[in-house]
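Note that the protein sequences, when read in sequence, are chains P and R. Note that the working numbering has the first sequence beginning at 3, numbered continuously upward. Note that the working numbering has the second sequence beginning at 3, numbered continuously upward.
2 protein chains.
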Amino acid sequence: MNNQKNKYCGCLYYSANAFARIMTKIAEEEFAITGLAPSYALLLMSVNEQPGIQPKSLSEHMQLTPSTVTRLIEKMEHRGLVKRSSVGRATEVHPTKKSLELKSVLKKAWQNLFKRYTAILGEKQAKELTTKVYEAFLRLDQEYITND
Amino acid sequence: MNNQKNKYCGCLYYSANAFARIMTKIAEEEFAITGLAPSYALLLMSVNEQPGIQPKSLSEHMQLTPSTVTRLIEKMEHRGLVKRSSVGRATEVHPTKKSLELKSVLKKAWQNLFKRYTAILGEKQAKELTTKVYEAFLRLDQEYITND
DNA sequence: ATATATTGTTTGTACATACAATTAAAATAA
DNA sequence: TTATTTTAATTGTATGTACAAACAATATAT
Chain P
3 MNNQKNKYCG CLYYSANAFA RIMTKIAEEE FAITGLAPSY ALLLMSVNEQ
53 PGIQPKSLSE HMQLTPSTVT RLIEKMEHRG LVKRSSVGRA TEVHPTKKSL
103 ELKSVLKKAW QNLFKRYTAI LGEKQAKELT TKVYEAFLRL DQEYITND
Chain R
3 MNNQKNKYCG CLYYSANAFA RIMTKIAEEE FAITGLAPSY ALLLMSVNEQ
53 PGIQPKSLSE HMQLTPSTVT RLIEKMEHRG LVKRSSVGRA TEVHPTKKSL
103 ELKSVLKKAW QNLFKRYTAI LGEKQAKELT TKVYEAFLRL DQEYITND
């Protein structure tokens, strides 16, 4: 008995995007206590954990384009949350005092986010969905590269 | 044996977004034959099928904000793909000859998209994933509204 | 019948993300 | 050693999406 209220809900492109939008909205709410949007928060967590990490590496961790990462870093540098230093052709991204102070709040927000969607979806289902979605991402991503 | 290559892949927010981005990229490729980006294509399919449909209704079908729908319609009107007419406070969106001519290509593109990700993920898995993702969306969306 | 609230649509503005082109450094080949 | 190719990062620009505010039409309450 498929809930066919919606014409497009059988399309993975459509469902994936609707789902990502609501997840992002929820994540924004939960990360509000850090004063950061979710992607900035993730980036900062990486920088705090691996001081000197390079944009290339960040873009792989976050599955975002290098240019996007540059943009995120620019804004955080402007807010005094990271420092950049050039080392050859590479760039090292370092945390500041201010960002290190956010460490515990960031962790808290991340846990809260996890708790929130887990409470709604159920622990087992949430875990399974996360895994399945990520695996599907990997498969599509793999195929996409080899398709060039 | 969890593939823990990535720090964030256990986070549903992260996985959902990474997945939606790659799905969108693939959808863009498949809808390229229509000359439209995927969301415009979906909108046009709705308009073609229900001439006179209102933005409100479209925004529900597509799970997009009314303002977003207005923006999509504006651009399509500018390209001569739909016409708007005011009826009281409502707006009716009508297909043009040009958009009706696209009907079969749109359908084709949509089928190709379906085939493409189905070939990669497997028919059963793709179907299951679509359903699970959509159901999770509904649950979160529901909870989000009542949380206000 | 008039005032008030609700609803559908649009507008101004902002933001996250990406692509294509560019720069600069490093690695490899000649 | 010089020339060429590859790689990391950045910049210009574009796009999809949303929020908040404004408008305009309708419905409701007094």
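We put the CB at the ideal spot given by N, CA and C, even for glycine. Here the structure is a predicted model, which is why all the values come from computation and not from measurement.
Here's the rule: buried if 16 or more other CB atoms are within 10 angstroms of the residue's CB, otherwise exposed. What is residue i?
| i | result |
| --- | --- |
| S41/P | buried |
| R23/P | buried |
| T132/P | buried |
| A20/R | buried |
| S48/P | buried |
| V95/P | buried |
| V89/R | exposed |
| G34/R | Checking the displayed sequence, the identity of residue 34/R turns out to be Ala instead of Gly. Per the 10 Å Cβ criterion, exposed. |
Could you compute how far the alpha carbon of residue i sits from the alpha carbon of residue j?
| i | j | result |
| --- | --- | --- |
| T36/P | E30/P | 10 Å |
| V51/R | R118/R | At residue 51/R the sequence reads Glu, which differs from the Val that was named. Answer to the nearest angstrom: the Cα atoms are 24 Å apart. |
| K109/R | P97/P | 50 Å |
| F116/R | Q144/P | 18 Å |
| S87/R | T93/R | 6 Å |
| T67/R | Y15/P | 18 Å |
| G124/R | L142/P | 12 Å |
| T120/R | E62/P | 26 Å |
| Y2/P | I28/R | Only positions 3 to 150 of chain P appear in this structure, which leaves residue 2/P out of reach. |
| F139/P | A18/P | 11 Å |
| V71/R | K9/P | 17 Å |
| I122/P | L102/R | 42 Å |
| E32/R | A39/R | 9 Å |
| M25/R | V107/P | 32 Å |
| H80/P | W112/R | 43 Å |
| K77/R | L60/R | 15 Å |
| V135/P | G12/P | 16 Å |
| E137/P | R91/R | 46 Å |
| K126/P | K126/R | 21 Å |
Between which residues of its own chain and residue i is the CB-CB distance below 6 Å, once the five residues before and five after are set aside?
| i | result |
| --- | --- |
| K105/R | N50 |
| N4/R | For N4/R, the predicted model reports a pLDDT of 40, less than 50, meaning its position is unreliable; a value from the coordinates is still stated below. None. |
| N114/R | E32 |
Report all residues from its chain with a CB closer than 7 Å to the CB of residue i; omit the five preceding and five following residues, and keep chain order.
| i | result |
| --- | --- |
| L44/P | M64 |
| I55/P | S48, V49, V95 |
| K1/P | Nothing in the structure corresponds to residue 1/P, since chain P is present only between 3 and 150. |
| L74/R | S41, Y42, L45 |
| P53/P | H96, P97 |
| A128/R | Y119, T120 |
| K85/R | E79, H96, T98 |
Excluding the five sequence neighbours on either side, which residues of its own chain have a C-beta within less than 8 Å of the C-beta of residue i, listed in chain order?
| i | result |
| --- | --- |
| K100/P | G82, L83 |
| E130/R | none |
Exercise for the section: At 4 residues or longer, and completely inside the segment 12–50 of chain P: list those alpha helix (DSSP H) runs for me, N to C. Expected result: 14–33
Practice task
Can you check the segment 63–122 of chain R for any beta strand (DSSP E) of at least 3 residues that lies completely inside it and give the ranges in chain order?
Solution key: 84–89, 92–97
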